[in-house]
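Undergrad:
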Amino acid sequence: MSAPAAIELEGLSKSFGRVEIIRDVTLAIAKGERHAIIGPNGAGKSTLFNLITGKYHPTDGRVRLNGEAVDQLKPYEINRRGLSRSFQITNIFPRMSVFENIRCGLLWAMEYKYSFWHLVDRQPDLTRRTEEILSEINMSDKRDTLAGVLTYAEQRALEIGITIAGGADIIMLDEPTAGMSASETEYIVGLIRKVTESKTLVVVEHDMGVVFDLADRISVLVYGEIIASDTPENVRASAAVQEAYLGTALEEEA
Amino acid sequence: MSLVLVNLLDGLVTGLLLFMLCSGLTLIFSMMGVLNFAHASFYMLGAYFGYQISTYVGFWPALLIAPVIVGVAGALVERYGLRRVHKFGHVPELIFTFGLALLIEEVVQFFWGKSQMAFEEPEILKFAAFSIAGNAFPAYKVFMIFIAVGIFLVLLYILTRTRVGLIIQAALSYPETVQNLGHNVPLVFMGVFGVGTALAGLAGVIAGPVLGTFPGMAVVLGTIVFVTIVVGGLGSLWGALAASLLIGWLQTFAASYNVTMRDVLLTLGLTEPADLATSALRDLWTLTLPQIGPILPYLLMVLVLAFRPQGLFGKRET
Amino acid sequence: MSDALRPLAPWGVAALVLAVLPFIFASGAALTVMNQMAITIIFALAYNMLLGQGGMLSFGHAVYMGLGGFFCVHLMNWVEYDNLWLPLPLLPLFGGLFGLFFAMIVGTFSTRRAGTVFAMISLGVGELIAACSIIVVAFFGGEEGVSGDRTMGPTVFGLDFASQQEVYYLSAIWLMISAAAMYLYSRTPAGRMANAVRDNEERAEFLGYSQRKVRFMSFCASGFFAGIAGALFAINFEILTEENLNLATSGSVLLITFLGGAGFFIGPIIGAIVFTLLQTVLSLYTEIWQLYLGILFVATVMFFPSGLTGLIAIHFRPYHLGKISVLTKPYALIALPALGLALASASVLEIAFHARHAALGDEQMSLFGLSFNSHHPLPLIAALALGALCIWLLRRQLPSFREAWDEANYAGGPS
Amino acid sequence: MRTLAGLILGTLIALSSAVAAWAADTVKIAFIDPLSGPFAATGEQGLVHYQFAAEELVNKQGGVLGGKKFEIVPFDNKISPKESLIQLKVAIDQGIRFIAQGNSSGVANALTDAIKKHNRRNPDKRVIFLNYSAVDPALTNAKCNFWHFRFDANADIKMDALTDIIAKSDDIKKIYLIGQDYSFGKAVAAAAVKYLGAKRPDIEIVGNELHPIGKVKDFTPYARKIMASGADAIITGNWGSDMVGLGKSVIASGFKKPIYTYYAASTGITKTFGAEGKGPLKLVQEGAINPAPSERMTAYMKAFKAKHPDKDMGQPRIANVIEMLAKAIDKAGSATDMVAVAKALEGMEHDSIFGSKIVMRAKDHQAIQDVHILAHTDEGIDFDLDNSGFGLKVESTVKMAAADSETTCKMKRP
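Residue numbers (the numbering used here), protein chains in the order written: chain R, 1261 to 1514; chain F, 1453 to 1770; chain L, 3 to 417; chain Y, 202 to 615.
1) Could you tell me which whole alpha helix (DSSP H) segments of length 4 or greater appear in the stretch 261 to 345 of chain Y?
2) Cβ closer than 8 Å: which chain L residues qualify as neighbours of Lys1334 of chain R?
3) Could you give the residue range of the alpha helix (DSSP H) that holds Arg351 of chain Y?
4) Closer than 7 Å by beta-carbon distance: list the chain L residues that pair up with Leu1487 of chain F, in chain order.
5) Does His1378 of chain R have its Cβ less than 8 Å from a Cβ in chain L?
6) In this structure, what does DSSP give as the bridge partners for Glu550 of chain Y?
7) Using a cut-off of 7 Å between C-beta atoms, extract the partners of Gly342 of chain L located in chain R.
8) In angstroms, rounded to a whole number, what distance separates the CA positions of Phe505 of chain Y and Glu245 of chain Y?
9) Just by C-beta distance, which residues in the stretch 282 to 301 of chain L are closer than 7 Å to chain F?
10) As an exercise, report each continuous beta strand (DSSP E) stretch of at least 3 residues that is fully enclosed by the stretch 376 to 424 of chain Y, in chain order.
11) Going by DSSP, what residues sit across from Asn491 of chain Y in a beta bridge?
12) Would you call Phe1276 of chain R buried or exposed, if buried means 16 or more other Cβ atoms sit within 10 Å of its Cβ?
13) Would you list the residues sitting across from Asn1587 of chain F in a DSSP beta bridge?
14) Got a sec? Which residues, its chain only, sit under 7 Å from Ser402 of chain L by beta carbon, not counting five neighbours each side?
15) Taking just the CA atoms, how far does Leu1651 of chain F sit from Arg562 of chain Y?
16) Identify which residue in L:Ile137, L:Arg152, L:Leu388, L:Lys215 has its Cα closest to the Cα of Gln1743 of chain F.
17) Would you please verify whether the beta carbon of Glu284 of chain Y is less than 8 Å from any beta carbon of chain F?
18) Note down, in chain order, each residue of its chain lying with its Cβ closer than 8 Å to the Cβ of Asp1385 of chain R, except the 5 sequence neighbours on either side.
19) Tell me the DSSP bridge mates of Thr366 of chain L?
20) Could you work out which residues of chain L lie near Tyr1709 of chain F, taking near to mean beta carbons separated by less than 8 Å?
21) Specify the secondary structure class of Phe100 of chain L as computed by DSSP and reduced to three states.
22) Let me know the secondary structure DSSP gives Val138 of chain L once reduced to three states.
23) Starting from the beta carbon of Pro381 of chain L, find every residue of chain F whose beta carbon is closer than 8 Å, and list them in chain order.
24) Would a C-beta distance cut-off of 8 Å place Ile1393 of chain R and Arg1416 of chain R closer than the cut-off?
25) Taking only beta carbons into account, state which residues of the stretch 172 to 193 of chain L come closer than 9 Å to chain R, listed in chain order.
26) Is any beta-carbon of chain A found at less than 8 Å from that of Met1569 of chain F?
27) Under three-state DSSP, which class holds Arg614 of chain Y?
28) Using three-state DSSP, classify Val1486 of chain F as helix, strand or coil.
29) For Gly1565 of chain F, go through chain L and note every residue whose CB falls closer than 7 Å to its CB, in chain order.
30) Step through the CB atoms of chain Y and report whether any lies within less than 8 Å of the CB of Val35 of chain L.
31) Could you give the DSSP three-state label for Met601 of chain Y: helix, strand or coil?
32) According to DSSP, is Ile1298 of chain R part of a helix, a strand, or is it coil?
33) Starting from Ile353 of chain L, find everything on chain F with Cβ-Cβ shorter than 7 Å and list it in chain order.
34) Which whole-angstrom value describes the C-beta separation of His566 of chain Y and Thr341 of chain Y, a residue pair presumed to lie in contact below a C-beta threshold of 8 Å?
35) When Cβ atoms are compared, which residues of the stretch 1356 to 1376 of chain R fall closer than 8 Å to chain L?
As structure tokens, then:
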């Protein structure tokens, strides 16, 4: 076998009480792949996300990151293994400045860890790297604004900035364009494309335009099961997907 | 054996009194997510209002009027105080109720001074209902038991059999959904806060004559009430009942039996240090159960929070 | 001033003020009050490492200060009776270490969650230790506490610390050290992540940080500085009692921090100064000072949750916009009625209190230099009328004040 | 009119040394006791009596040192040792040389220690501590010092007197001891065990326990234990709400025998007990009020009640403090030479307004005086408490109680 997949799910299941949200999901996402997960509301996309990133632990099955089982680890331990995520509902540090938000994303990765003997303002490498990411997400001019008072689109961009700051190899974005206008969506998609260059990207998305634009492969999740996992063209053509879900979504889009 | 029976009854009275406070507090917590630090202060207000009203019209009308006034005061606090602070988050809410507790104590002293009030049980209940092995059991305590049980039954009926109760139960689990259904959740909140504080007020009127009506009465009971609902499981009415009785009996029995640490240590095979008066461990050797009785609830709470944060009966983690 | 020195300027000014103060207020009582202020500042700053910077609400933080203090009194006694060699100026370090040690024990289980659970555990532990202080007489000395004598140690540069002045300078130096250390801590990765966890613990976890460990570190650091405050208390008062551990002390540090403004580093400093002055001065003038304090606290939580410092801070924007002068006139216009309202309210309370509680026959009371009969309705009516008049005046001024405020905060030119 | 600016100015004045000495023509006595918080009622009552006694017994008689008046300056210590020490500093800064305090032995311990250190470190600004109510025996034993004078009978003396009376009562075979878990409660229990063992070894101590102070909501379990023990009498040093709670629970449980107490009177307690307390409730205290020991006392009391109808003279000894201090100052010929005043107080003999002779014992600065057992009743009461119709009536008296008692005090004199 070749090098292990970036993310590998094997027979993954999750129940809350008696309700089974994720049923026996098996999926492999290769390194460098841009993978999208789509599905109707309530299909379990966010739960699947939370299982992979350690917020929930699976009832059954395995999650492997670069070949290593991580399903019993805490979120921060998974993050330290090179996986970073964003959230469906904006999840930033509202009472800190934009600059500080990004810097928080960098601290662990730059080996500062729990240090209380380094002054963050006196670390040229830290400041430089923060500035770079700020310019990458085009927010250098908002540097000292409190994150809580940014516009929604800016907060989403900041969230992506925090997510990629640590330099993780695997980036998982949960509905990055939810609630955005067409122009904002276009801007964010461009941004994602730029900042995840040569990284593994997993994205949950509602907007089919975004999905087909961005993804190399698409998995369709319906009622907790993956009914298809293939290239955009094949997924679009699949009768099963059409029947279960895509038809209606595509009609809406049209 | 008869002493055990007496203690069971006494513990029941204490536990049920606690429950009258805890039921309101836990309702408020489950609905609004805020631990009302000032809950025992409303209990104190109940006692003082009860005393003042009883000097004009006697105990029985006071038993009805005082809780209503306390309830209205509580509803006003929710409407004009808590609702305002609510948007800042839970920590400021908690701080607000903490400040309120301080303020109410000062206000009570402002009006009634610092001395103990001569608040007495009504003449008609001033007799021993029965006695067990020479221990008189006052009729007033029987009355307390009946009131507390009555309140529990009424609460249970309202929560499970009426429309309002169903809305409250729904609001406990799905606050947003209930709001979407068109119910006026702020009004429900205000109502629950008012009723919760009125219950505390009622407990105050009833307890005032037995436990004393003085400015420190809220502090003495306040933190214990907290402990009780945390131990029982925040938001669980059954948990509140169980924990109230547990703590009522725990304190009663701890105060009743002079188990000494010396006996325990000797049983464990340790030898008493010869120089006990100067030994660093002298306090351990002279410790008795009644001495530590009142702090047992805190110990219980710390243990529960450390090992079972959802409380004995609670479902959700705090 | 060069840019490198600019951040040091406030520290220099603070050091200068601390050095000069004893020459202005030289009496023993003034020194005692200033010493108490220094202790309270350190304690409140330590408390704010939890509340303001870590988002942890504690109802039992007096425990760490108290334990540090108790330990130091015992150290002083060992110095006195058992020939332990320990110069007094180093004592706070040991107090801090003891506070740290105890915080590490409690922190292992209390920092698992923030919010209500943390608040309740802190309350429970606080009550437990306070109750133990009565039971464990060997360490806490029962209700009369433990006392010591600070002057028994080896002299340092010829100082034996018998005089208040020497103790003041010792406290002031430790205040500077502690405040600087706490400020610097907030600028380290651990301190920054404390803010991050406060704002959004979930996000912090997905950035590689364990929220529990971040909180644990803040908690321990806070315990350390609280212990230093306790040691200074021991040096100043030479006695520690149950009072140093109980809920009232824990509650007042919460009050101080919130009053000053938990969101700012200097908030607790301002809170501690204002609170100590209120406590010492207000209680000289009125019996119901605690009522005023309660009203002030509740009003702060309701209307100015960012505290006194927040009130000052909202003027920075107009200042930077160069529009602070826009506010001068409206402030002048509302100042008099606002002051009048405050005085009228206080008068109503004082008159009502006097009428209710003064000895029979003692109907004369004096207020603000006026002497009158509190049992006569006239003074009360006069106070109420003054209050009503001031409210009416305030309401009249309010629209134009609001307008001026908006204008002062508007970045563009005159609108 | 004092505006905010005035308040700030006041602050500065209070803090600065400008305040050091106001008028030298009064002798100031700092009254450091709780005037706010849960124990303020007791503190206020003490303050009112001090002010009244100074006015009535000294100032109206022409003052001391040929015309100097006494002035009582109140300081609120919030019953906190820390606040007390701060207020002590403030008082000393104002040039006050006499410190009166009484409520809480914890505070008294802190004060006596601080005053000892202060007098050693500042020989030119020495002060004297007039302890009128803190009864922890240690203050005149292990912790005694030259500057501390106690005007109340201490816990040991009271117990000595009480057990003298109990020893004569053949009905009492079993005694239950209960108290608050702190130094005073422990001192009461230890003294009871000691004196009962010496005077009536046949009496069985069926219970000897301490409960946490101020933390017990409901005393019923304790009352049950007492009932179960078959005790013929209870001895307790409880005060405040702990006294009320214990007493009411015990009586409600059907206890009809004597409850010997130290502090079950006034500040609402007498009124709260009312008719229920009549019979069981007894107090051991100095100072006889009912029946009135003298015409002088009746006049004094009537004048007090006319001025303060809502207050009681709960601590009669305050009058002794004032009179004895005035005598000592006159004898020393100075209100500033503290060594002379203290020496004059040492060994002073005085006839109290309440009918007893008082000797300030030189070896430990403990006042020796008559101690009475008082009954809570509404019969034969000339002066009631809490305006309740109930008051304290002398039942028996021990003359010059414990006059020859031992002390461990090793007084160091300057």
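Virtual Cβ for every residue (Gly too), placed ideally from N, Cα, C.
TA: Checking against the coordinates, here is how it stands:
1) Fully enclosed alpha helix (DSSP H) runs of 4 or longer: 282 to 294, 306 to 322.
2) Within 8 Å Cβ-Cβ: Glu207, Ser212.
3) No alpha helix (DSSP H) holds Arg351 of chain Y; the beta strand (DSSP E) holding it covers 349 to 351.
4) Within chain L, the residues Thr118 have their CB atoms less than 7 Å from the CB of Leu1487 of chain F, given in chain order.
5) Taking Cβ atoms only, chain L reaches closer than 8 Å to His1378 of chain R, which makes this a yes.
6) Residue pairing from DSSP places Glu550 of chain Y in a beta bridge opposite Y:Val560.
7) Going along chain R, no residue has its Cβ under 7 Å from Gly342 of chain L, so there is no contact; the nearest lies around 37 Å.
8) Between the C-alpha atoms of Phe505 of chain Y and Glu245 of chain Y there is a straight-line separation of about 14 Å.
9) Within the stretch 282 to 301 of chain L, those residues whose Cβ lies closer than 7 Å to any Cβ of chain F are, in chain order, Ile290, Gln292, Leu293, Gly296, Ile297, Phe299, Val300.
10) Contiguous beta strand (DSSP E) elements confined to the stretch 376 to 424 of chain Y occur at 405 to 412, taking only those with 3 or more residues.
11) Residue pairing of Asn491 of chain Y in beta bridges, as defined by DSSP: Y:Lys594.
12) Counting Cβ neighbours within 10 Å, Phe1276 of chain R comes out exposed, since fewer than 16 surround it.
13) Its beta-bridge partners are F:Ile1584.
14) In the same chain as Ser402 of chain L, and ignoring 5 residues on each side of it, the C-beta atoms closer than 7 Å to its own belong to Pro332, in chain order.
15) Taking the straight line from one Cα to the other gives about 58 Å.
16) Nearest of L:Ile137, L:Arg152, L:Leu388, L:Lys215 to Gln1743 of chain F, Cα basis: L:Ile137.
17) It does not: the Cβ of Glu284 of chain Y has no partner Cβ on chain F nearer than 8 Å.
18) Cβ neighbours of Asp1385 of chain R beyond the five flanking positions: Met1370.
19) Reading off the sequence shown, one finds Gln at residue 366 of chain L, where the question assumed Thr. BP columns for Gln366 of chain L point to L:Asn375.
20) Taking a Cβ-Cβ threshold of 8 Å, none of the residues of chain L is close to Tyr1709 of chain F; the smallest such distance is about 18 Å.
21) It is helical.
22) Three-state DSSP puts Val138 of chain L in coil, outside helix and strand.
23) Within 8 Å Cβ-Cβ: nothing; Pro381 of chain L doesn't reach chain F, min ~18 Å.
24) No, these two residues do not count as a Cβ contact at 8 Å.
25) Flagged, chain order: Leu186, Tyr187, Arg189, Thr190, Pro191, Ala192, Gly193.
26) The structure shown contains no chain A; its protein chains are R, F, L and Y.
27) The DSSP-derived three-state label of Arg614 of chain Y is coil.
28) Three-state result, Val1486 of chain F: coil.
29) Within chain L, the residues near Gly1565 of chain F are His359.
30) Answer yes: the Cβ-Cβ gap between Val35 of chain L and chain Y drops below 8 Å somewhere.
31) Secondary structure of Met601 of chain Y (DSSP, three-state): coil.
32) Note: Ile1298 of chain R maps to strand in three-state DSSP.
33) In chain order: nothing, as chain F lies at least about 12 Å away.
34) Yes, His566 of chain Y and Thr341 of chain Y are in contact; Cβ-Cβ is about 6 Å, under 8 Å.
35) Listed by position, the residues of the stretch 1356 to 1376 of chain R near chain L (Cβ gap below 8 Å) are Met1356, Glu1360, Arg1363, Cys1364, Gly1365, Leu1367, Trp1368, Ala1369, Tyr1372, Lys1373, Tyr1374, Ser1375, Phe1376.
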